[in-house]
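Chain order of the listed sequences is R and Y. If you read the first sequence in my numbering, its first letter stands for residue 80, the second for the next number, and so on. If you read the second sequence in my numbering, its first letter stands for residue 509, the second for the next number, and so on. This report refers to the structure that appears directly beneath it.
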Amino acid sequence: MSLGDLVARYQEFKYGIINDMADSAEDFVNDTWFIDKGNIISKANYYKSEIENLDRHIAKCNIDQDALNNLKIEKDKLQYSLAYVLSNDIDYVSESLNYLEGVNSSLRDCIYGIEEHLNGNEDDALKLMEDNYGYLQESENHFLINKIYGILLVKEGRYFEGLPLLKIALNLVPEDIECYYFLAKAYENTLKMDEKKIVDEIIDLLTTDDWDF
Amino acid sequence: MMKRQDYIYQFQDEAFQSYQKNNLLLDVAGNVFEQVYADVDFKIRQPDLLGKTVKATPLQFSSIFYMVEDLSDLAGIESPAIYVYEDFYYGAESYGVDQYWIEISAKTIRELKENEIRFILAREIYKIMDGVTKTNTIMKEQLKVVPDKMKKIIQLSYNKWYRMANYSADNFGYLACKNIKDAVYSIIKLVLNSIPLSEEVNIHEFILQASEISGLNDNIYNYTKLDESIPYAPYRIKNLMSFAISDRCMKYFR
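Pasting the structure below:
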């Protein structure tokens, strides 16, 4: 075997491992559960690519009705997952609703609640969250719904209810200053001053003098 | 004494089981590597430590000696030996499989705040206590003899677990130093190796670099990320803040 052959075999083996290990389930690549714009975009691109693949299969599948129905069910699940991921970021909230068109779901109504909050209609936002949050699948993995609902509850003076939601949100996005601000307010009003002190220290760490809430 | 379930990183034990499954040498070689380390490598290292570094005692670097005693008491372990060496870099690392020691650079002691040093040393005490140091030491022995073809597979699986063990170490360190700012700036100073550079860092902005890392998602990027044994600093800071507001952490501050 020549040196060139050896190098080629080694490269092939090395890239084989890279492909096997790095292209494997997302669980192996990601160590954390944190949500950020980067992984939202990565996941969204993955779901969009899978949906496109399914659309191609659906377009070809015109004989077997059962198979066609199964593909459509699969597509609905992917679209739901895509909407779930996108709606975690304010910049993609409107886009997320495109994937829930015609779908009657708690996720869709919670996202409407986010939109109402962003538009300043806080009473409508709170009503939508209250009516739908309890039915939302995997509510503990959604940052923005927990953040907005938590903030709305604290603003209403419902501190004990808002506290756990803000903590869920911060567990997913630990750098969200607005969440910390309302969490501190909730702790203060529930007389948990030791906890408030910790939150104040984190706010101090994250903010500069000219931070605008 | 602090309970393990109160600071251990969520996925760490699962990752360790996965590493054990992937590391066939653990089945085949058993305690051989541990024995070789104890009989050979440990003995090779000891004269150098005693001859080329300063051992912390009640009369030399006494504040460090008593700090480690206090941290060991907190962890419920025998106090390891501490050796101080001169180096360009900040840092501390623990070694050993049944007799343990910590090596810490003089620059760390000279330039970091006392509570930052406490955070750094507490991390190493955790690693000794939870078997991370032992596993790491044995792993380094194995990598000397394992064929290249097996090395990468074992290494990637090991790195995943070791990254998570470092998150646990950070959590324990924070509980030991009780100050989020000191814990975060310890990480930043170690990564940047410069206090003036650390003072320029805007923590919120620095953490957003994690989002850029997350966005780098193809086979080559992912392989590079998987090849790291220590988590990237922005993720470490996020983990610390997430841990700081958790119920299991806050109960130690009431």
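All C-beta atoms in this analysis are idealised placements derived from N, C-alpha and C, irrespective of residue type, glycine included. Keep in mind the model is a prediction, meaning the values are calculated, not measured.
With 9 Å as the C-beta to C-beta threshold (strictly closer), list the residues of the segment 704-729 of chain Y near chain R in chain order. Asn710, Ile711, His712, Ile715, Leu716, Ala718, Ser719, Glu720, Ile721, Ser722, Gly723, Leu724, Asn725, Asp726, Asn727, Ile728, Tyr729
Could you name the residues of the same chain whose beta carbon sits closer than 7 Å to that of Ala248 of chain R, not counting the 5 residues immediately before and after it, in chain order? Phe222, Asn225, Lys226, Gly229, Asp255, Cys258
For Ile703 of chain Y, count the other beta carbons within 10 Å of its own beta carbon; 16 or more makes it buried, fewer makes it exposed. Which is it? So Ile703 of chain Y ends up on the exposed side.
With Glu601 of chain Y as the anchor, note down where its beta strand (DSSP E) starts and where it stops. Where Glu601 of chain Y is concerned, the enclosing beta strand (DSSP E) stretches over 600-603.
Three-state class that DSSP yields for Ala614 of chain Y in the structure shown: helix
Residue-level contact to chain R via CB, Ser737 of chain Y, 9 Å cutoff: no
Per DSSP, the bridge partner or partners of Val654 of chain Y: Note: Val654 of chain Y sits in no beta bridge, so no partner.
Hey, quick one: how far does the beta strand (DSSP E) through Ile590 of chain Y stretch, first residue to last? Counting along the chain, the beta strand (DSSP E) containing Ile590 of chain Y begins and ends at 589-593.
Name the chain R residues whose beta carbon is nearer than 9 Å to that of Met647 of chain Y? Simply none; closest approach about 17 Å.
In whole angstroms, what is the alpha-carbon distance linking Tyr603 of chain Y and Ala265 of chain R? 45 Å
For Arg187 of chain R, collect the residues of the same chain with a Cβ closer than 6 Å to its Cβ; drop the 5 residues on either side in sequence, then sort them by chain order. Leu179
Under the rule that 16 or more other beta-carbon atoms within 10 Å means buried, what is Gln158 of chain R, buried or exposed? buried
Can you check which of these residues, Y:Met647, Y:Ile738, Y:Ser676, is closest to Lys635 of chain Y by C-alpha distance? Y:Ser676
Considering Ser719 of chain Y, what are the terminal residues of the alpha helix (DSSP H) in which it resides? 717-723
So Ser121 of chain R packs on Asn725 of chain Y, CB below 8 Å; how close in whole Å? 4 Å
What does the alpha-carbon distance come out to for the pair Asn644 of chain Y and Tyr191 of chain R? 50 Å
So what's Val182 of chain R in DSSP terms, helix, strand or just coil? coil
The alpha helix (DSSP H) enclosing Lys529 of chain Y, as first and last residue numbers: 520-530
Per-residue burial, Leu567 of chain Y [other beta carbons within 10 Å of its own, 16 or more giving buried]: exposed
Can you tell which of Y:Asn679, Y:Asn701, Y:Ala673 has the C-alpha that lies nearest to the C-alpha of Ala691 of chain Y? Check the Cα spacing between Ala691 of chain Y and each of Y:Asn679, Y:Asn701, Y:Ala673: the tightest is with Y:Asn679.
Have a look at Glu174 of chain R and Lys116 of chain R and give me their C-alpha separation to the nearest angstrom. 14 Å
Quick one: what's Val562 of chain Y bridged to in DSSP? Y:Val592
Between the Cα of Leu705 of chain Y and the Cα atoms of Y:Lys697, Y:Ile711, Y:Gln717, which residue gives the shortest distance? Y:Lys697
From Ile695 of chain Y to Ser160 of chain R, what does the alpha carbon distance come to, in whole angstroms? 35 Å
Euclidean distance between Cα positions of Tyr608 of chain Y and Tyr598 of chain Y: 20 Å
Please list the partners that Met758 of chain Y has in chain R, where partner means a Cβ-to-Cβ separation under 7 Å. Glu274, Ile277
Hey, is Ala741 of chain Y's beta-carbon within less than 9 Å of any beta-carbon in chain R? For Ala741 of chain Y, not one C-beta of chain R is nearer than 9 Å to its own C-beta.
Distance cutoff 9 Å, beta carbons only. Does Gly117 of chain R sit that close to anything in chain Y? yes
Alpha-carbon to alpha-carbon, Ser526 of chain Y and Thr732 of chain Y: Roughly 20 Å between the two C-alpha positions.
Who are Trp609 of chain Y's beta bridge partners in DSSP? Y:Ala589, Y:Tyr603
Quick one: does the C-beta of Glu274 of chain R sit closer than 8 Å to a heavy atom of the ligand COA? Of ligands this structure carries none, so the ligand COA is not represented either.
Check the Cβ of Leu223 of chain R against every Cβ in chain A and list those closer than 7 Å, keeping chain order. Here the protein chains are R and Y, and chain A is not one of them.
Got a sec, what are the start and stop residues for the alpha helix (DSSP H) Phe541 of chain Y sits in? 540-544
Indicate the three-state DSSP secondary structure (helix, strand or coil) for Arg762 of chain Y in the structure shown. coil
Tell me which residue opens and which closes the alpha helix (DSSP H) that Tyr729 of chain Y is part of. Residues 727-734.
So with CB distances below 8 Å, who are the chain R contacts of Lys746 of chain Y? Thr111, Phe113, Pro253, Glu254
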